[in-house]
Amino acid sequence: MRSHARGHFTEQLREFAARRLAEILGAALLVSAGALTLALVSWSARDPSLNHATSGHVRNLLGGPGAIVSDLLMQLVGFGAIAAIVPIATQGLRLMRRRRIGRVMLRVGLCVLGVFATAATASLLPATERWPLPTGLGGVAGDAILTVPRLIFAGSGVLTALFGAVAALVAILAVTGAAGLGFESEADMRSRSSEDDAKIRPGADDDDDAGGEPGVALISLGALIHLGLASKAWMLRAAARFRRRATTTDRPPPPRYPRVEPTFEDLDLYPAFPPPQPRDLDEEPDAPAAAPPAPRRTRAPARAAQPRVNTRYETPPLTLLAEPKKQPSGVKLPQEALEHNARLLEGVLEDFSVKGDIINVRPGPVVTLYELEPAPGIKSSRVIGLADDIARSMSAISARVAVVSGRNAIGIELPNQRREMVYLRELIACDDFVRS
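Residue numbers (the numbering used here): 263 to 698.
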């Protein structure tokens, strides 16, 4: 008797622990479903997450963890994450009511299938302009699932709509199957009811053939989702009203001034000048003004004595410099060649619509100066701007064009083909240098 009583007590204790554990697990599932609902309802793409760093405040109702979880789910499956809430909530409610969850792996597989089918259905819907993600409404998974049908159907609208209807039907069947909303026969439910009567408590069956549990679960879940959405809308409206009120209260009212009609009574059209006073002719004339004193001459300050150049200094003789060598024959151009170059230069200038005459040619050791007397109406700046073109047409390295000061002529210097050597002794010994 004692061993039988002890065994019966141990079995009751085990059943009690199993019931409490099932209730704790059911409560955890319900809390998870509610937390997931709040996180998804208050999801915002501007919240900080694993792939979005920002210093702004978190808008999610569950804080940072809720923002991270909701952002990952929305990026992965989009609105398909909502399909996971129904099975989690219903199975948690079953455990809270001391009902057994049968075929766990099948329900988990149906839940995953329902999530991805819902994501594919959501990806078929067009995204609005306010959708913040680059993917569709079904996230990355929904877009990936639709890749194969889009390639097969090749943009056919009817076949795409048919695929969306099939995906929606699969999502509904999978979610209801995972939630346990009636897919077993009466024999299965009666057998499970008998097992539950023997193990847990009498009158309890597995898949809710009596009592209307699925309706209670769906109603509670719908009320929870509606409450979350209504709370979010109310908070958004309250925040908008608070911002409008803050902006209106902080802004000072515009000052009001009474209307003043314009008048011309106080307007003085003539400036106030003193009236002219009549002058008495008998009065004595004014005394002449005193003449200013003549300025005095001041002596200039004495300058410091400048050092005198040593008169005994004698300049060095020119014999210290080398005598200029005789230039080889053929260096200096004859007069006929210079005249030919002058006529050629006149032809080049006429090609550029510059009329004039070469009045003088001055050959030098390095360059030759051609003096151009332009025709009336020819601007000197126009001729000066043709320096590069003149050098190109005359096959010269360069050309220098400038106005000859004091004369109506423009100088054009062209380098000689053969340059002469210029000696310093020759420059110092010339008459111009000696007279300077």
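Virtual Cβ for every residue (Gly too), placed ideally from N, Cα, C. Computed from a predicted model, the values in this text were never measured in an experiment.
Aspartate 619 is bridged by DSSP to Glu635. Distance from the Cα of alanine 406 is smallest, within the candidate group Leu435, Glu633, Thr383 and Ile646, for Thr383. In the three-state reduction of the DSSP assignment, glutamate 675 falls in the strand class, which pools E and B. Taking all protein chains in view, the Cβ of aspartate 650 is surrounded by fewer than 16 other Cβ atoms within 10 Å, so the residue is classified as exposed. DSSP, reduced to helix, strand and coil, places alanine 664 within a strand of the structure shown. For glutamine 353, the closest of Glu576, Val293 and Leu335 by C-alpha to C-alpha distance is Val293. Non-local beta-carbon contacts of arginine 681 in its own chain, meaning distances under 7 Å to residues more than five positions away in sequence, involve Pro627 and Val628 in chain order. Under DSSP, the beta-bridge partners assigned to arginine 624 are Leu631.
Pairing valine 339 with phenylalanine 378, the inter-Cα distance amounts to about 7 Å.
Rounded to whole angstroms, leucine 676 and alanine 604 show a C-alpha spacing of 11 Å. In this structure isoleucine 330 is buried. Its beta-carbon is surrounded by 16 or more other beta-carbon atoms within 10 angstroms. The beta-carbon separation of valine 623 and leucine 606, rounded to 12 Å, does not stay under the 8 Å limit for a contact. Serine 643 carries a helical assignment under DSSP once its states are collapsed to helix, strand and coil. Distance from valine 616 to proline 636 at the Cβ level is roughly 7 Å; contact confirmed, criterion being Cβ atoms closer than 8 Å. Taking the C-beta atoms as reference points, glycine 296 is found nearer than 9 Å to alanine 351.
Cβ neighbours of leucine 491 within its own chain (closer than 8 Å, five residues either side excluded): Val303.
In this structure, proline 625 keeps its C-beta atom at 9 Å or more from the C-beta atom of asparagine 670.
Glycine 398 sits buried, since 16 or more C-beta atoms from the chains shown fall within 10 Å of its C-beta. Excluding the 5 residues flanking it on each side, aspartate 619 has same chain C-beta neighbours closer than 6 Å at Glu635, in chain order.
When secondary structure is reduced to three states using DSSP, serine 306 falls in the coil class, being assigned neither helix nor strand. Taking C-beta separations shorter than 6 Å and ignoring five residues to either side along the sequence, the partners of tyrosine 685 in its chain run Pro586, following chain order. Annotated three-state conformation of serine 294 is helix, per DSSP.
In terms of Cβ geometry, alanine 440 and valine 370 form a close pair [threshold 9 Å]. Within the same chain, Cβ atoms closer than 8 Å to the Cβ of phenylalanine 695 are found at Leu689, the five residues on either side in sequence being excluded.
For arginine 369, the enclosing alpha helix (DSSP H) has its first and last residue at 366 to 386.
When secondary structure is reduced to three states using DSSP, methionine 497 falls in the helix class. For glutamate 391, the secondary structure class from DSSP, reduced to helix, strand or coil, is coil. CA-to-CA, the gap between isoleucine 286 and arginine 412 works out to about 46 Å. The Cβ atoms of alanine 345 and valine 410 lie no closer than 9 Å to each other. Annotated as proximal: isoleucine 674 and arginine 662, with beta-carbon spacing under 9 Å.
DSSP places arginine 687 in the uninterrupted alpha helix (DSSP H) bounded by 686 to 690.
Boundaries of the alpha helix (DSSP H) harbouring methionine 336: 325 to 338, taken from the DSSP string. By the Cβ neighbour-count rule, phenylalanine 425 is buried, with 16 or more other Cβ atoms within 10 Å of its own. Around the beta carbon of serine 643, a 10 Å sphere encloses fewer than 16 other beta carbons of the protein chains shown; the residue is thus reported as exposed. Ranked by Cα distance from serine 667, the first of Ala658, Ser660 and Glu633 is Glu633.
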